[in-house]
Structures are given as C-alpha cells and as structure tokens.
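Numbering (my numbering), first residue to last: 67 to 453.
Heads up, the beta-carbon is just placed ideally off N, CA and C, and yes, glycines get one too.
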Amino acid sequence: MNSRFDAIIVGARCAGAATALLLARAGLKVLAVDRDAEGSDTLSTHALMRGGVFQLHRWGVLGAIELAGTPPVRTTTFHYGDEVVEIAIKPKDGVDALYGPRRTLLDTVLVDAARASGAEVAHRVSAVDLIRDDTGRVRGVLIDLGDGVPLPVRADLVIGADGLRSRVARLAGSEIELRGRHAAAVIYGYFERLELLGFHWYYRPGVSVGVIPTNDGRTCVFAAMPPERFRAKIGVGLEDLHRQVLRESSPALAQAVRGSKRIGRMKPFAGRPGFLRRSWGPGWALVGDAGFFRDPITAHGITDALRDAELLARAVVRGSERAMADYQAARDGIARGMLSISDDVASFSWNLDEAKDLHLNLSRQMNAEVDLLRSIHDAAPLAPCPV
67 MNSRFDAIIV GARCAGAATA LLLARAGLKV LAVDRDAEGS DTLSTHALMR
117 GGVFQLHRWG VLGAIELAGT PPVRTTTFHY GDEVVEIAIK PKDGVDALYG
167 PRRTLLDTVL VDAARASGAE VAHRVSAVDL IRDDTGRVRG VLIDLGDGVP
217 LPVRADLVIG ADGLRSRVAR LAGSEIELRG RHAAAVIYGY FERLELLGFH
267 WYYRPGVSVG VIPTNDGRTC VFAAMPPERF RAKIGVGLED LHRQVLRESS
317 PALAQAVRGS KRIGRMKPFA GRPGFLRRSW GPGWALVGDA GFFRDPITAH
367 GITDALRDAE LLARAVVRGS ERAMADYQAA RDGIARGMLS ISDDVASFSW
417 NLDEAKDLHL NLSRQMNAEV DLLRSIHDAA PLAPCPV
C-alpha cells in the first residue's frame, strides 16, 4: 500500500466508492478503505430515484446493474388509504426505468468501477485516527490492517464516507448544522413470489409500507411506524409487528406477503432523526450519510449519496476552498428541503391529503435535483467509466 495519496476515502460503499471512481478518473491518486468485508450487505431501502439512476447511467455503470438481473421499475404507485395513484416513469436523460438493487450488488459494482478507474480499494481496514500537522490541518489517516498496529497513510484530503456514525466526522469535529425532529422505525424483509410490479408506497394514519422489487426474484417489503410503537411492541417479535403494520396499511398486501416465501431474517432499524453536518474543513470532507442523513421513509438515501459524490468530486478536482464551499452550498440547497420533507413524513402527524401534498413537494425537490445534476454535467461532462 502506497504511503501517500491525493485523497483517502474512509468508507467504500455507494458514497465512498462513487467518490473514489470519480476522483480516480480525474487523475487523482486515491485510496478507499472500508472496515467491512467486500461485497457484504448493509441496511438499505434499495430504491434508486431518477437522480441516482441518472448518475449511474452517465458514469457508465448502470449496465452492470441491469445485467445482474435487477428488475426495471416503470411505475410508482402510491396508496393513500383506498385511493390508488399510479405514476409512469417517463423516459428522459437516458433513464427509462428506476431500480432497487441489493447493496451486495450496487456497492460491488461501484468498487469494481473505482478500481478499473485506477483507485486502490481495501476492505477489512479501519480508520483509527486522523493525522494532523502543526497547524491542525488533516494530513492523513492512521489505519488498522487487522493486526492492531496503526499504519500512517498520508493524503492531501481525507474524505469521510463512513456512515451516519462517522468516525471521520467526529475526529474532524464536524458540527451538526441542522437536526431533524422526527424518526421512523422500520422493519423489513425479503420475499419471493410476491407478484407486484414497480414500486408501491402505502400510507394510512400512523403507518407506512414500501414494496421494492430487487435482485434474485425477491422483493423488499418495509413497514414503518413511530419509534414509540416499535419500542412498545418489539416484544411481540419483528415478524408479527411487521405483519401488524402491513395489515393496517393494506389487508390485500398483507395477505399477498403472507402467501409468499420470506428469505432470511427480518431486519430492524429503530430510527434516528436526520441531520446535516458541516461538509468540509482543513484537509477533510464528508459525503453520504456521514454528512447528510435523512429518514429512510422517503427511500432517497442512495440517490443522495451518488449526487453528493459527484458534487464533492468536482469540488476536489477544482482544488480550492471556494470550490469546497460551493460543494456545501450545492449540497445544502437540495438537502435542506429533502430533510424537511422526510422529517414531516416520519412524524406520522399527517392525514392522507397532507401526505399527498408532502409527496408532491418531494417530487418537486427531486426534479430540482435532476436539474442540478444535468446542469453540472452539461457544463463539464465526465468521461465514461472504463467498465
């Protein structure tokens, strides 16, 4: 392992791997490290919104997601009580479908693309501490290769892509500049033989359910509820609580899920309010959940990560404090609205008409997101990834 890099990225999942591939393609010497095993799974809603698919398409990696058999999603259906609103995915900007890939696939595809672009990526490697010079500027990372002996690796920039409990953010002293007030608890599992096409989102007072087709003929079904209910009812078991929420959201869906085959164990997320952290400082930056986390009930986290990876990579290539400030301004311009809407949905304090209004506002925010990504690409296109 080389001892000096232009950038070290701590975290090599979708945010970190995407940042690594973009910086490497720009000619930077990049190392990305991740404490988990390569190809391992992680908690995720899986859904890619138009901005995320747009990114993967432009980077030349969407084909690998499609070739892996990820089912294309051509309709999104909202169920507000008994009212059904189906929306077709209109072809635009090279995107004619949405996708919900497993993270074992998406993260691996992005890591492969980063390596093909010239980045070094190492798994089962942990960041222990930041290295600073006499002025306090971050100059690298102490990493642990698994033998317990910290190894110093120098870099001009250290990027934290290590999730919502980011060690890099904590060590760098990044402050939370905006906090959410609400959080949804979620239980999800994977089911075979669930014959529903497209994304489906169900809403009734106090509950929400998402249905997301993913790889290997499986469908992710998540049940969301206020965290107070999750804590009070967890004693009945994850599967029973999941079924209760499904029955309240849609008896027909609950019956369909009951008649399907569950694969693996149910997975819980107890909920955590969203936040927006300062995204950069002397010698460090944050991307993905490390810098911006919002409630997963709106299923936009992966798209956030891919968007911010490009915004950050372009700022790093420009190489100035002004560029980094522009990165934070662009990120915050989208993130603040997204955080506010997700926070309102996670509050469960809406009626069905109010839920519709929230989703209309969310749609406007997502359109603005795509407009931003399109504008920066039109101003300075990126070369396709060599895989």
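Please check the pair residue i and residue j, which I expect to be a contact at CB under 8 Å, by giving their CB distance rounded to whole angstroms.
i: Leu424; j: Val411; result: 6 Å
i: Asn281; j: Thr136; result: 6 Å
i: Ile131; j: Leu172; result: 7 Å
i: Asp276; j: Thr141; result: In the sequence on display, residue 276 carries Gly and not Asp. Wrong, their Cβ atoms sit about 14 Å apart, outside the cutoff.
i: His266; j: Ala289; result: Contact flag wrong, Cβ pair sits at about 13 Å.
i: Ala84; j: Ala356; result: Incorrect: roughly 13 Å between the Cβ atoms, too far for contact.
i: Pro334; j: Ile400; result: At roughly 29 Å, the Cβ-Cβ gap does not stay under 8 Å, so Pro334 and Ile400 are not in contact.
i: Asp222; j: Ala73; result: 7 Å
i: Gly246; j: Arg360; result: 7 Å
i: Ile368; j: Gly206; result: Going by Cβ atoms, the distance from Ile368 to Gly206 rounds to 29 Å, so no, they are not a contact pair.
So, helix, strand or coil for residue i, using DSSP?
i: Asp361; result: coil
i: Val215; result: coil
i: Cys451; result: Confidence at Cys451 is low in this model, with a pLDDT of 43, below 50, so the placement of that residue should be treated as unreliable; the coordinate-derived value is given next. Of the three classes helix, strand and coil, the one that applies to Cys451 here is coil, per DSSP.
i: Lys95; result: coil
i: Asp295; result: What sits at residue 295 in the sequence shown is Arg, not Asp. Arg295: helix per DSSP, three-state reduction.
i: Thr201; result: coil
i: Ser274; result: strand
i: Gly354; result: helix
i: Val287; result: strand
i: Leu262; result: coil
i: His123; result: helix
i: Gly226; result: strand
i: Val311; result: helix
i: Gly118; result: helix
i: Val191; result: coil
i: Ala182; result: helix
i: Pro317; result: helix
i: Arg233; result: helix
i: Gly340; result: coil
i: Asp423; result: helix
i: Gly77; result: coil
i: Asp102; result: coil
i: Leu208; result: strand
i: Leu377; result: helix
i: Leu109; result: coil
Report the partner residues of residue i according to the DSSP bridge assignment.
i: Glu152; result: Thr143
i: Asp414; result: Here residue 414 is Phe; the residue named in the question, Asp, does not match the sequence. Phe414 pairs with nothing; no bridge assigned.
i: Ile329; result: Tyr256
i: Tyr268; result: His145 and Val275
i: Gly347; result: Trp350
i: Lys158; result: Val161
i: Arg70; result: Arg220
i: Arg245; result: Phe341
i: Pro334; result: Ile253
i: Leu438; result: For Leu438, which the question treats as bridged, DSSP gives no partner whatsoever.
i: Leu88; result: DSSP output for Leu88 lists no bridge partner at all.
Ignore the nearest five residues each way along the sequence and tell me which others in residue i's own chain have a CB closer than 8 Å to its CB.
i: Ala421; result: Tyr146, Tyr269 and Val411
i: Pro216; result: Val194, Asp195, Leu208, Ile209 and Asp210
i: Cys451; result: Here Cys451 scores only 43 on pLDDT, less than 50, and its place in the model should not be relied on; the value that follows carries that caveat. Counting only Cβ-Cβ distances below 8 Å, and skipping sequence neighbours, we find Leu87, Arg91, Trp125, Gly126, Val127, Ala179, Ala182 and Ser183.
i: Val150; result: Thr143 and Phe144
i: Leu320; result: Residue 320 is actually Ala in this sequence, not Leu. Excluding positions up to five away in sequence, the list reads Arg309, Leu312 and Arg313.
i: Gly57; result: Given that the chain is displayed from residue 67 to residue 453, the structure contains no residue 57 and the question cannot be resolved.
In chain order, what residues of the same chain have a beta carbon less than 6 Å from the beta carbon of residue i, not counting five sequence neighbours either side?
i: Asn427; result: Ile407
i: Met291; result: Ala251, Val273 and Val311
i: Gly255; result: Arg328 and Met332
i: Ser232; result: Gly226 and Ala356
i: Glu152; result: Thr141 and Thr143
Can you list, in chain order, the residues of its chain with a C-beta nearer than 7 Å to that of residue i? Leave out the 5 residues immediately preceding and following it.
i: Glu258; result: Gly283, Arg284, Ser326, Lys327 and Ile329
i: Glu314; result: Arg270 and Val273
i: Gly212; result: Arg190
i: Val323; result: Phe257, Leu260, Val287 and Leu312
i: Ser345; result: Ala351, Leu352, Gly357, Tyr393, Gln394 and Arg397
i: Ala163; result: Pro138, Val139, Arg140 and Ile155
Kindly indicate if chain C contains any beta-carbon less than 7 Å away from that of residue i.
i: Ser274; result: Absent here is chain C; the protein component of the structure consists of one chain.
Can you confirm whether the segment 159-177 touches the segment 295-302 when touching is taken to mean that 3 or more C-beta pairs between the two stretches lie within less than 8 Å? Because the criterion of three Cβ pairs below 8 Å is not met, the segment 295-302 and the segment 159-177 do not touch.
Examine the Cβ distances between the segment 97-106 and the segment 196-206 and report whether three or more of them are shorter than 8 Å. Taking a cut-off of 8 Å on C-beta distances, the segment 97-106 does not touch the segment 196-206, as fewer than three cross pairs fall below it.
Report yes or no: do three or more beta-carbon pairs, one from the segment 339-351 and one from the segment 316-330, lie closer than 8 Å? No, the segment 339-351 does not touch the segment 316-330.
Give a yes or no on contact between the segment 79-98 and the segment 387-401, applying the rule of three or more CB pairs nearer than 8 Å. A contact between stretches requires three or more CB pairs, one per stretch, nearer than 8 Å, and the segment 79-98 fails this requirement with the segment 387-401.
Does the contact criterion of 3 or more C-beta pairs under 8 Å hold for the segment 75-84 versus the segment 374-382? Put simply, the segment 75-84 touches the segment 374-382. At least three CB pairs are less than 8 Å apart.
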